[in-house]
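Numbering-wise, the numbering used here comes out as the position in the sequence shown, counting from 1, plus 2.
We treat Cβ as the ideally placed atom computed from N, Cα and C, and that holds for glycine.
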Amino acid sequence: MNDGSPWPALEHIAYGGDYNPEQWPRETWHEDVRLMREAGVNLVSIGIFSWALIETEEGVFDFEWLDTVIDLLHENGIAVDLATPTASPPAWFFAAHPDARVVDRDGGVLGFGSRGMVSHSAPAYRDAVVRIASALAERYGDHPAVLMWHVHNEYGVPVAEDYSPHAVAAFRDWLRERYGSLEGLNEAWGTAFWGQHYSNWEHVGAPAAAPTTVNPAQRLDFKRFSDHQLRACFIAERDAIRAHSDKPVTTNFMANQEFTTDLWAWAREVDVVSDDHYLTAADPEAHIGLAIAADLSRSVGGGRPWMLLEHSTSAVNWQPRNIAKRPGEMARNSLAHFGRGADAIMFFQWRASRSGAEKFHSAMVPHAGTDSRVWREVVQLGASLGRLAESRGSRVRANVAILWDFESFWAQSLEWRPVQDLDPRERIRAFYERLWRDGITVDFALPGADLSGYKLVVAASQYLLRNDDAANLTRYVAGGGTLVVSYFSGIVDEHDAVHAGGFMAPLREVLGCDVEEFLPLRTGSSAAVDYAAGDGTSHRLDADEWADDLRITSAAVRGTYAEGPGTGKPAITRNEHGRGTGWYVSTRLDADALETVMGDVYADAGLAPAGLPEGVEAVARSGEAGDYLTLVNHSDADAEVPVDGVDLLTGAATGGTLQLGAGGTAVVRLAR
Ligand code: GAL
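Shown next, in the form of structure tokens:
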């Protein structure tokens, strides 16, 4: 491995997908490799769901078919991302170990015939995954076709929490280690409330379904524990592989889709970050959700190039309405991931399955065969990516960080909040969308991270905020940074207990205000804010959902409620602290309404919108061989972008202005 790119053995951007040859007769395998070569495929993920066909009975292995497939791929110059098949244990495993099945919160035992239905706390499962991972690594660890390892599949999906007796026992052990004593646990969980005080460890259990809501501190710890259990299984497999192979190990994340696993912690355990991303068909601007996922994948890996391990060539099969991608959309999606740091563009899956639950999911080779739009676009994309080889390992640099903290999301998503179902990612999306439209590239960061390199930090949804993290944000501003905080932030500590001193107390110094009382709005009603912009103009901004009754200590009031429960009270504040500035926005503004406010925030931070044509995305990657600006036109209108360099996709010099057709893409090596 080198630092810049995880695939020293591949000369190109990796291109390919999940390949499931076991679903097809052997003649088809030969057609597959021929078509893979035609499409420029150079990497496939195999074996993801093949446990039952590799270990046919406990300890009995059949490697013949896998040997044949791997050799065939190798002869054709296609590298292998070899999976451990542990997301789907065989029927014989559950017959022998019925106790290894997942128990859900209501006490139901989850059955066989699906995937992800195993208890990650069951000792038999732990033993079995180490056995199969070791066997695979021993056999293929040095095989020249094997470029890397793909452990399991999407940990935490479809179930992250398991309430089986094995999980409950392991939870108790985890708590003992975390708190040391029962007094520590009682204190952290606030068990004086509703008479939950424990006098014996054996009485402590998982937060199973109860007559009404269960202790939120207990539930938050169970989420932490569940994530820890999944990660322990990953580590066990990874280490079993490492005993026989020095190839990089990954497991595919689901950034910005699921938040059952703490990807910051996971990213520390993998050799290369990889992500699966599927567009939300109901979102007309799904490419913005895609950009968030891509930036998050890059950020959790510390900025290193990452792999898009799965996306779709067209429709998926599991959303309420599965919308086919429009012509060119697959390439736009792929280039958008590339622009945000992906050095691999892969799909689920190579060939559409005829049987099973995913037969209506699109693929690189669709049911319609090669005389199809999808196949032609697959071949074209392979050719395009082939022209980007020189950019491998180049990196994205951002001036702005948005805080992204899974623990806070877990806590915020529990029951009995001032407003139920306050999705922590809703505010992140609004601020991100504003920055996306302004052409400003964003990293994501934890609140305790070193933020000093950023001109602007946005805490869009930081409900749970540890005191030391609040101190970190305060120091960041004192040192000259600009911070924007949105409502329902800085409310509780790591045990979901309200901060001593009240709502937002740990941010009082940096924001110059705190919250006396929440004033959420009735559904459908709106607040309006009269905002005094830095240039002396006044604006009436639409707002809804939330208001606060603020107590001002030192902040200047820049916006005042003109409607709703906060009428006449401060809505938006700006506070100078040390050499920097802390802004507070106490209501919900959409990306349009945020324009004026963020304009003033940018001025404090020394940022400015990039002035791109509407719907055009532009992100730069820099490397030793050059600086590359990836441009994606998501709009239906042709666009002109002032940029000087050579478009690697066409080989043409831009001559100072790039003509980017409607729906078009370009990767410009910038003139230096
Ligand atoms: C992913 C999963 C794949 C496939 C795909 C399409 O989440 O990893 O195995 O199911 O979704 O639905």
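Please check the pair residue i and residue j, which I expect to be a contact at CB under 8 Å, by giving their CB distance rounded to whole angstroms.
| i | j | result |
| --- | --- | --- |
| Gly158 | Thr262 | 4 Å |
| Val2 | Asp649 | Limits of the chain in this structure are 3 at one end and 674 at the other, which puts residue 2 out of reach. |
| Ser336 | Leu651 | Incorrect: roughly 12 Å between the Cβ atoms, too far for contact. |
| Gly19 | Met366 | 6 Å |
| Ala573 | Thr562 | 6 Å |
| Ser463 | Ser410 | 7 Å |
| Phe63 | Ala137 | 6 Å |
| Ala135 | Glu59 | Ala135 to Glu59, Cβ: 18 Å. No contact. |
| Gly118 | Val161 | 6 Å |
| Gly42 | Tyr17 | 6 Å |
| Ala1 | Leu222 | The requested residue 1 does not occur in the structure, where the chain is confined to residues 3 to 674. |
| Phe350 | His369 | Rounded, the Cβ-Cβ distance is 15 Å, inconsistent with contact. |
| Asp516 | Phe505 | 6 Å |
| Tyr604 | Leu513 | Not a contact, Cβ separation roughly 19 Å. |
| Pro307 | Val421 | In fact, because the Cβ distance is near 39 Å, the residues do not count as touching under 8 Å. |
| Ser121 | His168 | 5 Å |
| Ala295 | Gln259 | 7 Å |
| Asp264 | Phe95 | Incorrect: roughly 28 Å between the Cβ atoms, too far for contact. |
| Arg429 | Gly305 | Contact flag wrong, Cβ pair sits at about 24 Å. |
| Asn474 | Gly503 | In fact, because the Cβ distance is near 18 Å, the residues do not count as touching under 8 Å. |
| Ala293 | Glu619 | 7 Å |
With hydrogens ignored, establish whether the beta-carbon of residue i is closer than 7 Å to any heavy atom of the ligand GAL.
| i | result |
| --- | --- |
| Trp31 | no |
| Trp176 | no |
| Glu260 | no |
| Val318 | yes |
| His363 | yes |
| Asn635 | no |
| Phe95 | no |
| Asn335 | no |
| Glu156 | yes |
| Phe505 | no |
| Glu360 | yes |
| Asp278 | yes |
| Phe349 | no |
Hey, would you say the C-beta of residue i is under 7 Å away from at least one heavy atom of the ligand FAD?
| i | result |
| --- | --- |
| Glu312 | In the structure shown, the ligand FAD is absent; the only ligands present are the ligand GAL. |
Would residue i and residue j qualify as a contact pair, given that the criterion is a beta-carbon distance under 8 Å?
| i | j | result |
| --- | --- | --- |
| Leu614 | Gly441 | yes |
| Asp83 | His152 | yes |
| Cys235 | Val105 | no |
| Ala557 | Thr575 | yes |
| Trp266 | Leu448 | yes |
| Ala679 | Ile325 | Residue 679 cannot be examined here, being either before or after the span of the chain that is shown, 3 to 674. |
| Leu405 | Val460 | yes |
| Asp640 | Thr656 | no |
| Thr569 | Val531 | no |
| Trp203 | Arg174 | yes |
| His76 | Pro146 | yes |
| Leu458 | Leu609 | yes |
| Ala124 | His99 | yes |
| Leu149 | Met348 | no |
| Asn188 | Tyr200 | yes |
| Arg581 | Gly481 | yes |
| Arg107 | Glu163 | yes |
With DSSP as the reference, please indicate the residues paired to residue i in a beta bridge.
| i | result |
| --- | --- |
| Met150 | Asp83 |
| Trp585 | Val486, Arg576 |
| Asp59 | Note that residue 59 is Glu in the sequence shown here, rather than Asp. DSSP lists Val62 as partners of Glu59. |
| Trp308 | Ala344 |
| Asp516 | Arg553 |
| Ala530 | Asp544 |
| Pro644 | Thr659 |
| Ile404 | Phe446, Val460 |
| Asp20 | Ser47 |
| Asp277 | Phe255, Leu310 |
| Phe349 | Gly19 |
| Val500 | Val494 |
| Arg623 | Tyr630 |
| Asp649 | Ala654, Val670 |
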